[in-house]
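Undergrad: Protein chains in written order, with numbering that gives the first Met the number 0: chain Z, 0 to 168; chain G, 0 to 583. Ideal Cβ positions, reconstructed from N, Cα and C, are used throughout, including at glycine. Because the structure is a prediction, the values reported are computed rather than measured.
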Amino acid sequence: MPKIKLSDTAVETIREVCKTFGNKEGELINVLHQVQEKLGYLPAEVQEMIAQELNMSVAKVYGVVTFYSYFTMIPKGEFPISICMGTACYVRGAEQVLSEFRRQLKVEVGQTTPDGKFSLSCLRCVGACGLAPVIMVGEKVYGRVSPQQVKQIIAEYQEGCSSQSAKTA
Amino acid sequence: MDIINVTVDNKPVVVRKGTTILEAAKSIGIKIPTLCHMKLDDLSIENKPGGCRICVVEVKGRRNLAPACCTEATDGMEISTHSIRAINARRTVMELILSDHPSDCLVCAKSGNCELQDMAHQLGIREIHYKGEQSTYREDTSPAIIRELNKCILCRRCEMMCNEVQTVGVLSAINRGFESVVSPAFEMNLDHSVCTYCGQCVAVCPTGALTEVDHTGAVVRALADPTKTVIVQTAPAVRAALGEEFEMEPGTLVTGKLVAALRRLGFDYVFDTDFGADLTIMEEGTELLNRLTRHIQGDPTVKLPILTSCCPAWVKFFEHQFPDMKDIPSTARSPQQMFGSIAKSYFAEKLGIKREDLVVVSIMPCVAKKYECGRDEFAVDGNPDVDFAITTRELAALIKVSNIQFRLLPNEDFDNPLGESTGAAVIFGTTGGVIEAAVRTAYELHTGKDLPRIDFTELRGMEGLRSAVIDFNGLPIHIGIAHGLGNARKLLEEIRSGKSHFHAIEIMSCPGGCIGGGGQPYHHGNAEVLKKRQMAIYREDANKAIRKSHENPYIQKLYEEYLGHPMSEKAHHLLHTVYFDRKH
Chain Z
0 MPKIKLSDTA VETIREVCKT FGNKEGELIN VLHQVQEKLG YLPAEVQEMI AQELNMSVAK
60 VYGVVTFYSY FTMIPKGEFP ISICMGTACY VRGAEQVLSE FRRQLKVEVG QTTPDGKFSL
120 SCLRCVGACG LAPVIMVGEK VYGRVSPQQV KQIIAEYQEG CSSQSAKTA
Chain G
0 MDIINVTVDN KPVVVRKGTT ILEAAKSIGI KIPTLCHMKL DDLSIENKPG GCRICVVEVK
60 GRRNLAPACC TEATDGMEIS THSIRAINAR RTVMELILSD HPSDCLVCAK SGNCELQDMA
120 HQLGIREIHY KGEQSTYRED TSPAIIRELN KCILCRRCEM MCNEVQTVGV LSAINRGFES
180 VVSPAFEMNL DHSVCTYCGQ CVAVCPTGAL TEVDHTGAVV RALADPTKTV IVQTAPAVRA
240 ALGEEFEMEP GTLVTGKLVA ALRRLGFDYV FDTDFGADLT IMEEGTELLN RLTRHIQGDP
300 TVKLPILTSC CPAWVKFFEH QFPDMKDIPS TARSPQQMFG SIAKSYFAEK LGIKREDLVV
360 VSIMPCVAKK YECGRDEFAV DGNPDVDFAI TTRELAALIK VSNIQFRLLP NEDFDNPLGE
420 STGAAVIFGT TGGVIEAAVR TAYELHTGKD LPRIDFTELR GMEGLRSAVI DFNGLPIHIG
480 IAHGLGNARK LLEEIRSGKS HFHAIEIMSC PGGCIGGGGQ PYHHGNAEVL KKRQMAIYRE
540 DANKAIRKSH ENPYIQKLYE EYLGHPMSEK AHHLLHTVYF DRKH
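1. Determine the chain G residues that contact Z:T65 at a beta-carbon separation under 8 Å, and present them in chain order.
2. By DSSP's criteria, G:T195 is part of a beta bridge. Which residues make up the other side?
3. Does the beta-carbon of G:T307 have 16 or more other beta-carbons within 10 angstroms, so that it is buried, or is it exposed?
4. For G:R406, count neighbouring Cβ atoms within 10 angstroms of its own Cβ and tell me buried if that reaches 16, exposed if not.
5. Taking G:L170 as the query, report the chain Z residues whose CB atoms sit under 9 Å from its CB, ordered along the chain.
6. So the beta strand (DSSP E) G:S466 belongs to, where does it begin and stop?
7. Please determine, among G:I469, G:I426, G:F427 and G:A424, the residue with the shortest C-alpha to C-alpha distance to G:H445.
8. Going by CA-CA distance only, name the one from G:S179, G:S496 and G:K349 that's closest to G:E560.
9. Ignoring anything shorter than 3 residues, give me the beta strand (DSSP E) runs that lie fully in the region 2-86 of chain Z, in order along the chain.
10. Can you pull the chain Z residues whose beta carbon is under 9 Å from the beta carbon of G:P66, in chain order?
11. On the three-state DSSP scale, how would you describe Z:K166?
12. With distances taken Cα to Cα, identify the nearest neighbour of G:G49 among G:D40, G:L42, G:L64 and G:K59.
13. Is any beta-carbon of chain Z found at less than 7 Å from that of G:A88?
14. For G:I83, tell me which candidate among G:L122, G:E246 and G:A184 has the shortest Cα-Cα distance.
15. Going by beta-carbon coordinates alone, are G:D326 and G:S548 separated by less than 7 Å?
16. To be precise: take each residue of the region 155-170 of chain G, compare its Cβ to all Cβ atoms of chain Z, and keep it if any distance is under 9 Å. Which residues remain?
17. Tell me which residues of the region 19-43 of chain Z have at least one Cβ-Cβ distance to chain G shorter than 9 Å, keeping chain order.
18. Got a sec: is the Cβ-Cβ distance from G:F185 to anything in chain Z below 7 Å?
19. Step through the CB atoms of chain G and report whether any lies within less than 7 Å of the CB of Z:Y69.
20. If you draw a straight line from the C-alpha of G:C54 to the C-alpha of G:I536, how long is it?
21. If you follow the alpha helix (DSSP H) that G:M281 is part of, which residue opens it and which one closes it?
22. Does the region 60-77 of chain G come close enough to the region 10-20 of chain G that 3 or more CB-CB pairs lie under 8 Å?
23. Would you please state the rounded distance, in angstroms, between the beta carbons of G:I152 and G:P101? I believe it to be under 8 Å.
24. Output, in chain order, the set of chain G residues within a Cβ distance shorter than 7 Å of Z:V62.
25. Buried or exposed: G:P475, going by 16 or more other Cβ atoms within 10 Å of its Cβ?
26. To the nearest angstrom, how far is the alpha carbon of Z:F20 from that of Z:V10?
27. Assuming G:C200 contacts G:L484 (C-beta within less than 8 Å), just tell me the rounded distance between them.
28. I'd like to know if the region 363-374 of chain G and the region 493-504 of chain G are in contact, where contact means that at least 3 CB-CB pairs between them fall below 8 Å.
29. Quick one: what's got a C-beta closer than 8 Å to G:K10's C-beta in the same chain, skipping five residues either side?
30. Tell me, to the nearest whole angstrom, how far the beta carbon of Z:G137 is from that of Z:T112; I am working on the premise that it is less than 8 Å.
31. Does the region 64-76 of chain Z touch the region 107-122 of chain Z, meaning 3 or more C-beta pairs lie closer than 8 Å?
32. Is the beta carbon of Z:M48 sitting closer than 7 Å to the one on Z:I13?
33. Between the region 451-471 of chain G and the region 572-581 of chain G, can you find at least three pairs of beta-carbon atoms closer than 8 Å?
34. Would you kindly work out how many angstroms separate the C-alpha atoms of G:E114 and G:G524, rounded to a whole number?
35. With a cut-off of 8 Å on the beta carbons, I'd call G:F274 and G:S420 a contact; round off their distance for me.
36. Mark G:D414 as exposed unless 16 or more other C-beta atoms lie within 10 angstroms of its C-beta, in which case mark it buried.
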């Protein structure tokens with residue numbers, strides 16, 4: 000695994016978050032949650048530093064990161080795409096929409112395209128069941144999405160149009 | 000109320016509150032089957048994740064079955080350990096475990112010693128009704144330990160040993176559901192991790208998921224090579240445990256038979272690591288006295304306490320975890336490496352052969368010794384001082400494959416000159432032994448007087464952390480002892496914070512010391528076995544004619560003929576070492 004060097008701000012962020020939670024081992028999940036929120040993902044180097052700050056083994060940290068699907072070691076794309084797999088969306092064809100995204104982007108769920116533009120994930124119910132099936136790109140919600148629309152949605156972002164730039168999570 | 004009444008299989012039993020169903024049943028001779036559970040009494044080691052569910056029993060009035068290993072008995076509880084429901088559940092659980100386990104028992108390294116195999120037999124499993132996907136993982140090979148996770152049943156004993164007992168923290172359960180597996184962080188190889196190769200994970204693994212790297216083939220090939228002189232050294236703890244592999248009572252001393260077996264295997268000279276241990280005492284004891292004397296004279300640069308350095312897992316532990324303190328341990332090499340170094344210099348010269356034509360094999364209770372003998376600093380021009388280290392278990396396998404009836408062997412003696420040893424060297428095999436041996440010699444060298452007594456019982460025992468004050472003729476010497484790396488960590492943290500008041504500390508990585516080493520016959524969770532081995536070691540010491548290292552005539556001769564005096568330049572070159580910072 001190639002090593003990345005954490006930036007000074009990243010180091011400071013991790014240290015701060017750990018401190019907020021009293022550098023307690025028992026707060027690991029909270030720490031991971033906040034660090035991922037701030038840095039976008041949890042690469043090995045981040046986990047190593049968290050382990051050091053909380054005085055626990057990095058194997059245990061990795062154990063927790065891999066246990067919960069929420070945590071990711073892969074950086075989210077510039078435009079993170081989430082497909083709702085809640086009951087309503089599912090019965091109205093979310094799976095076909097997801098397959099089409101996988102086919103078009105050539106990535107699996109949890110992965111990011113090599114150019115770093117798109118990442119693909121699933122989520123459970125965004126509370127817009129009336130619009131099922133629902134997908135989100137960044138914070139923009141698309142309703143009643145059909146597989147045929149997928150190409151069009153991707154194209155919106157591929158042109159690098161900043162006006163529609165979705166905020167990364 | 001401290002006492003409660005329960006019935007197990009209709010038998011009444013009175014137990015203390017807080018007792019588990021498993022223990023309550025055991026107290027009246029009912030052995031509920033367990034798989035993930037493991038308890039080593041006296042060592043405060045227990046694994047009861049309640050994960051495997053083999054130990055489920057039926058409790059009257061309770062809706063679901065109770066896991067006996069982690070359910071407390073309560074007053075009036077009526078327990079059935081072999082109701083139809085309990086037996087069916089147990090079998091189902093077992094079949095589910097087996098449905099994701101390779102069925103290559105015939106060619107598995109653990110065959111015949113496998114707790115999963117035994118359990119399948121005990122439960123009478125004849126068919127696995129559940130067919131499904133099987134886990135497949137790559138095999139991870141390191142210098143000492145092989146991880147074959149297809150065979151892992153997720154009992155998590157290894158994880159408990161690695162984290163709670165040893166505080167090394169290499170292994171953890173990762174991923175979720177069917178993908179769960181025990182692994183180092185980021186699924187890296189063991190040899191990229193901070194693993195110390197103590198082998199305690201191997202010692203407790205119920206299946207063939209964790210085993211030692213097998214070097215018996217290489218040893219057999221060396222023995223068959225007519226151009227090589229092959230010599231062997233055997234560690235002290237081996238003689239107190241090898242008999243178990245041949246259905247002898249734990250604690251049976253088999254020194255004479257061990258020598259006879261090695262001779263029949265074809266070794267040209269059968270020597271004793273105890274010789275190396277006596278040599279270690281000469282060097283380490285002298286180093287201790289040097290540091291003490293300088294300390295008394297007020298030298299502020301002197302580092303105290305001195306820490307023993309015989310244990311390769313302990314050495315790797317502090318190199319990774321406490322590199323800032325790497326100048327505190329004694330620089331003396333371990334007995335295995337001292338022996339190898341002297342064998343390939345002094346002894347090879349005596350025989351008039353080149354070191355490349357001499358093969359040194361060691362029989363060790365340890366898997367870390369495999370790693371130690373491969374360290375670069377213990378080789379001359381790429382030729383290692385010790386060529387192969389095999390475990391007690393591997394030796395037993397060699398004896399069996401060579402058609403030697405071990406129990407019928409006569410008692411034979413070690414060869415000279417590297418086979419002569421003292422009682423002080425024998426006790427290196429147990430916690431407290433190295434420091435007792437050092438005290439016997441350091442006392443006499445320091446005071447110039449004969450020891451009024453040889454047995455320092457205050458240094459003996461099984462407690463994880465012990466301390467004692469030994470009177471060196473008016474000078475109180477504070478001694479600390481730790482076995483298990485978690486206990487060692489506590490003492491190291493004290494030293495780091497300047498709170499330690501010890502002059503000398505003995506550290507052994509494995510619970511019980513080398514008698515409980517990762518290469519010993521499997522104890523299968525029975526701590527009594529370790530105690531019996533320890534008693535055997537002290538018996539061997541008591542029966543020795545010479546019990547102080549500096550009185551070993553061949554050690555004296557080695558210094559006269561070859562080394563000069565302890566800590567001489569030549570001794571430094573051959574018998575001492577340096578440590579590395581492996582953290583940065």
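TA: This is what the structure gives:
1. By 1-based counting over the first sequence, the position of residue 65 of chain Z is 66. Residues of chain G passing the Cβ test: I173, N174 and R175.
2. Reading the second sequence from its first residue, position 196 is the one you call residue 195 of chain G. DSSP, once it has assigned bridges, lists no residue as partnering G:T195.
3. Mapped onto the second sequence, residue 307 of chain G falls at position 308. Its Cβ being crowded by 16 or more others within 10 Å, G:T307 is buried.
4. Counting from 1 along the second sequence, the entry for residue 406 of chain G is found at position 407. By the 10 Å Cβ count, G:R406 comes out exposed.
5. The sequence position of residue 170 of chain G within the second sequence is 171, counting from 1. Near G:L170 (Cβ distances below 9 Å), the residues of chain Z are S56 and A58.
6. Position 467 of the second sequence, counting from 1, holds the residue named residue 466 of chain G. Residues L464 to F471.
7. In the second sequence, residue 445 of chain G corresponds to position 446, counting from 1. When each option's Cα is compared against that of G:H445, the closest is G:I469.
8. Within the second sequence, the letter at position 561 stands for residue 560 of chain G. Nearest of G:S179, G:S496 and G:K349 to G:E560, Cα basis: G:K349.
9. 78-83
10. Within the second sequence, residue 66 of chain G is the residue found at index 67, counting from 1. The premise fails here: G:P66 is roughly 22 Å from chain Z at the closest Cβ pair, so nothing lies under 9 Å.
11. Indexing the first sequence from 1 puts residue 166 of chain Z at position 167. Reliability of the predicted coordinates at Z:K166 is poor, the pLDDT of 42 falling under 50, and no value is obtained from them.
12. The residue given as residue 49 of chain G occupies position 50 in the second sequence. Measuring from the Cα of G:G49, the nearest candidate turns out to be G:L64.
13. Here residue 88 of chain G refers to the residue found at position 89 of the second sequence. It does not: the Cβ of G:A88 has no partner Cβ on chain Z nearer than 7 Å.
14. Working through the second sequence from its first residue, we reach residue 83 of chain G at position 84. Closest option to G:I83, Cα to Cα, is G:L122.
15. The residue given as residue 326 of chain G occupies position 327 in the second sequence. The residue given as residue 548 of chain G occupies position 549 in the second sequence. No, the pair does not count as a contact, with Cβ atoms beyond the cut-off.
16. E158, C161, N162, T166, V167, G168, V169 and L170
17. A43
18. Sequence index remark: in the second sequence, residue 185 of chain G carries index 186 (1-based). For G:F185, the answer is yes, since a Cβ of chain Z falls inside 7 Å of its Cβ.
19. Looking up residue 69 of chain Z in the first sequence gives position 70. It does not; no Cβ of chain G falls within 7 Å.
20. The count along the second sequence starts at 1 and reaches residue 54 of chain G at position 55. The count along the second sequence starts at 1 and reaches residue 536 of chain G at position 537. The alpha-carbon atoms of G:C54 and G:I536 are separated by roughly 36 Å.
21. Taking the second sequence and counting its residues from 1, one reaches residue 281 of chain G at position 282. Residues T272 to I295.
22. yes
23. As a working note, residue 152 of chain G is residue 153 in the second sequence. As a working note, residue 101 of chain G is residue 102 in the second sequence. Going by Cβ atoms, the distance from G:I152 to G:P101 rounds to 11 Å, so no, they are not a contact pair.
24. On the first sequence, position 63 is the one that residue 62 of chain Z refers to. Going by the sequence as given, residue 62 of chain Z is Gly instead of Val. Ordered by position in chain G, the residues that pass the 7 Å Cβ test against Z:G62 are S171, A172 and I173.
25. Counting from 1 along the second sequence, the entry for residue 475 of chain G is found at position 476. With a 10 Å radius around the Cβ and a threshold of 16 neighbouring Cβ atoms, G:P475 comes out exposed.
26. Translated into positions along the first sequence, residue 20 of chain Z becomes position 21. Translated into positions along the first sequence, residue 10 of chain Z becomes position 11. Straight-line Cα distance between these residues: approximately 16 Å.
27. Taking the first residue of the second sequence as 1, we reach residue 200 of chain G at position 201. Taking the first residue of the second sequence as 1, we reach residue 484 of chain G at position 485. About 12 Å; that fails the 8 Å criterion.
28. no
29. Along the second sequence, one-based indexing puts residue 10 of chain G at 11. Closer than 8 Å at Cβ, skipping near neighbours: I27 and I29.
30. For the purposes of this step, residue 137 of chain Z is taken as residue 138 along the first sequence, with counting starting at 1. For the purposes of this step, residue 112 of chain Z is taken as residue 113 along the first sequence, with counting starting at 1. About 15 Å separates the two Cβ atoms, so there is no contact after all.
31. Contact between the region 107-122 of chain Z and the region 64-76 of chain Z is present, because at least three Cβ pairs lie under 8 Å.
32. Taking the first sequence and counting its residues from 1, the one referred to as residue 48 of chain Z is at position 49. Taking the first sequence and counting its residues from 1, the one referred to as residue 13 of chain Z is at position 14. Yes, Cβ-Cβ distance for Z:M48 and Z:I13 is below 7 Å.
33. no
34. Position 115 of the second sequence, counted from the start, is the residue given in the question as residue 114 of chain G. Position 525 of the second sequence, counted from the start, is the residue given in the question as residue 524 of chain G. Using only the alpha carbons, I get a separation of about 11 Å.
35. Against the second sequence, residue 274 of chain G aligns to sequence position 275. Against the second sequence, residue 420 of chain G aligns to sequence position 421. With a Cβ gap of about 5 Å, G:F274 and G:S420 count as contacting.
36. If you number the second sequence from 1, residue 414 of chain G lands on position 415. By the 10 Å Cβ count, G:D414 comes out buried.
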